[in-house]
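**Student:** Starting off with a structure, shown below.
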Amino acid sequence: MKYVRWFVLALVILSALGLYLHAAEIQLTQVNTDMKRSDQSAYMSYARKLYESGYTYVGERNRMPLFPILSTVVYEEGMPEETFFVRGRWLNVGLSFLLLGVLLAIFRQQLSGHGAANLLAITAFTLFVFKAPCFQGELLYYTLSFAGFWLISRLLARPRPWLGAMAGIVMALAQYTKASALPGLALFLGIALLSAVCELRGQSSSPAAWLRVILRQPAIAAAGLSLCTFLLLMSPYLIHSKQQYGRFFYNVNTTFYMWYDSWEEVKQGTRAHGDRQGWPTLPEEDIPSPIRYLQEHSLGDIARRELYGIGVVLRDRINSYGYLKYAVGAGVLGLGLAVRRRNALRRHLAHYRWVPIYWVVVLVGYFLSYAWWVPISPAPRLILALFVPYMWAMSVTIGRLIDDLPCLTVGSRHIAPQTLLNVLVSAVVAVDAVLIATGRIAEHYGCT
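The sequence shown begins at 1181 in the numbering used here and counts up one residue at a time.
Given below as structure tokens:
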């Protein structure tokens, strides 16, 4: 009986791998055939310039260098663009298998084997398979940013120095992939400081003594180590940014573009005045910034832009690849269990209250930031960076709240609610994976 189970498990795994590869090939050969769409040619150009310069080319502070560096593995001098495009996409498909393996290892830390497999299958067939055949760094960023999210969650639950160093390393790699990881690290530092202050609330001592005690808190020590590690790894890039662009943290998207109201304004503004070669050659009063935006826009303008972005994000998810039903289902089930099992929820929050606070602040903060970006570019690949951390957080929450529920009796058998839930999810995902691989994958362009 044991060998039969292993045989069935191996058959399921091989079938899933084959189905994933088949779907990725369809997206690669039939759908994503234009290298000029969705910034793919820009990534190719970055990789080619890196290779031909002996890796001294530092980019134009629009895209980050890690994925282009990896892409040079399949580049040869004088290679035709079309050949490089094909090789680079297949490289990303191969990389996606490795990244899914990393995700499974992380999922397995807090979830059961069955639950981790379900979450991996959902991630693979409703997100990764559509983006794996793209010449982009999205999947690498999704994985690294989630790994940082997971490490920081562990840090807040149990601060340890080595976890702080690991979090700093992973967040730096995520930042080198896409210049969006820094806010997540900043939010962690703020929450770590807040947790240390709350631990000492009510204690009477001099400000100097109080500060010394705070700095000795494990959470502050771990957070400080993560920040130092992050800055150390980022220092070559930051120093060059300061020398050429005048700021350590310089990226045209976050420094300028997000403070315009449309892409047309971007094209006529700093983009047309050399913002990728150095500080733009514009009068200082014409350069966008958060302060200038607040001066020129009312609260109503800001609210309308945010609401418009949220509306576009939600509308476009309805007609997406297929991940929305899992996100909604996890949210509804998690909320229902939280309401029904309030006492169990309170017990968990008493032990790990800073972890869910971090989850909410990061997910909501990034969601609002991506919604704000919609008037500049409504591409869904930004908001999809939240899918894996959201689904993992909901899966962990559901698992904790459902774990000790009484078994259900079906005939003479007693079935744990979590087991029943995992079986039902597996059935839905199995059907969905087949439908995606045999139809939907050819109908949706996955690189936007």
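From the three backbone atoms N, C-alpha and C, an ideal C-beta is built for every residue, glycine too. Computed from a predicted structure; not experimentally measured.
Output the boundary residues of the alpha helix (DSSP H) element that contains residue 1485.
**Tutor:** 1479-1498
**Student:** Where does residue 1593 fall in DSSP's three states?
**Tutor:** strand
**Student:** Closest to residue 1600 by CA distance: which of 1298, 1238, 1550, 1408 is it?
**Tutor:** That would be 1298, whose Cα lies nearest to the Cα of residue 1600.
**Student:** Would DSSP call residue 1543 helix, strand or coil?
**Tutor:** helix
**Student:** For residue 1375, which residues in the same chain have their Cβ closer than 6 Å to its Cβ, ignoring the five residues on either side in sequence?
**Tutor:** 1399, 1534
**Student:** Could you have a look at residue 1588 and say whether DSSP puts it in helix, strand or coil?
**Tutor:** strand
**Student:** Look at the alpha carbon of residue 1368 and the alpha carbon of residue 1418, and state the distance between them as a whole number of angstroms.
**Tutor:** 21 Å
**Student:** For the candidate residues 1620, 1449, 1212, whose alpha-carbon lies nearest to that of residue 1466?
**Tutor:** 1449
**Student:** Return the CA-CA distance between residue 1474 and residue 1463, expressed in angstroms with no decimal places.
**Tutor:** Rounded to whole angstroms, residue 1474 to residue 1463 spans 19 Å at the Cα level.
**Student:** Report yes if the C-beta distance between residue 1628 and residue 1559 is below 8 Å; otherwise report no.
**Tutor:** yes
**Student:** Are residue 1502 and residue 1306 closer than 8 Å when you measure CB to CB?
**Tutor:** yes
**Student:** Between the alpha carbons of residue 1248 and residue 1186, how many angstroms are there, rounded?
**Tutor:** 40 Å
**Student:** Comparing C-alpha positions only, which one of 1441, 1344, 1425 sits nearest to residue 1556?
**Tutor:** Checked all of 1441, 1344, 1425; the closest Cα to residue 1556 is 1441.
**Student:** Please classify residue 1314: is it buried, with 16 or more other beta-carbons within 10 angstroms of its beta-carbon, or exposed?
**Tutor:** buried
**Student:** Given a threshold of 16 other Cβ atoms within 10 Å of its Cβ, counted over all protein chains shown, does residue 1458 qualify as buried or as exposed?
**Tutor:** exposed
**Student:** Can you tell me the Cβ-Cβ gap for residue 1613 and residue 1202, rounded? I've got them flagged as a contact below 8 Å.
**Tutor:** That pair is no contact at about 11 Å.
**Student:** Specify the secondary structure class of residue 1298 as computed by DSSP and reduced to three states.
**Tutor:** helix
**Student:** Looking only at its chain, what residues have a beta carbon closer than 7 Å to the beta carbon of residue 1428, apart from the 5 residues adjacent to it on each side?
**Tutor:** 1418, 1421, 1422
**Student:** Could you spell out the range, first to last residue, of the alpha helix (DSSP H) harbouring residue 1522?
**Tutor:** 1522-1532
**Student:** So, residue 1255 versus residue 1265, is the Cβ gap smaller than 8 Å?
**Tutor:** No.
**Student:** Residue 1622: which of 1183, 1225, 1460, 1208 sits nearest, CA to CA?
**Tutor:** 1208
**Student:** Can you tell me where the alpha helix (DSSP H) with residue 1446 in it begins and where it stops?
**Tutor:** Following the DSSP letters along the chain, one finds residue 1446 inside the alpha helix (DSSP H) bounded by residues 1443-1448.
**Student:** For my contact list, residue 1351 and residue 1364 are in at a C-beta cut-off of 8 Å; report their separation, rounded to the angstrom.
**Tutor:** Yes, they are in contact, since the Cβ atoms of residue 1351 and residue 1364 sit about 7 Å apart, within 8 Å.
**Student:** Tell whether a beta-carbon distance below 8 Å holds between residue 1685 and residue 1626.
**Tutor:** With the chain running from 1181 to 1628 in the structure shown, residue 1685 is simply not present.
**Student:** Can you list, in chain order, the residues of its chain whose CB lies under 7 Å from that of residue 1551, leaving out five sequence neighbours each side?
**Tutor:** 1486, 1489, 1490, 1493
**Student:** What does the Cβ neighbour count give for residue 1325, buried or exposed, with the cut at 16 atoms within 10 Å?
**Tutor:** buried
**Student:** How big is the Cα-Cα spacing for residue 1239 and residue 1348?
**Tutor:** Taking the straight line joining both Cα atoms gives about 23 Å.
**Student:** Would you kindly check if the distance between the Cβ of residue 1279 and the Cβ of residue 1319 is under 8 Å?
**Tutor:** yes
**Student:** Given 8 Å as the limit, is there contact between the stretch 1572-1582 and the stretch 1401-1411, that is, 3 or more CB pairs closer than that?
**Tutor:** no
**Student:** Alpha carbon to alpha carbon, how far is residue 1291 from residue 1596? Give it in angstroms, no decimals.
**Tutor:** 15 Å
**Student:** Would you mind working out which of 1268, 1495, 1341 sits nearest residue 1250, comparing C-alpha positions?
**Tutor:** 1268
**Student:** Can you list, in chain order, the residues of its chain with a C-beta nearer than 7 Å to that of residue 1452? Leave out the 5 residues immediately preceding and following it.
**Tutor:** none
**Student:** Under 8 Å between the Cβ atoms of residue 1282 and residue 1327?
**Tutor:** yes
**Student:** CB residue 1273 to CB residue 1227, shorter than 8 Å?
**Tutor:** no
**Student:** For a test of the three-state rule: what should DSSP assign to residue 1354, helix, strand or coil?
**Tutor:** It is helical.
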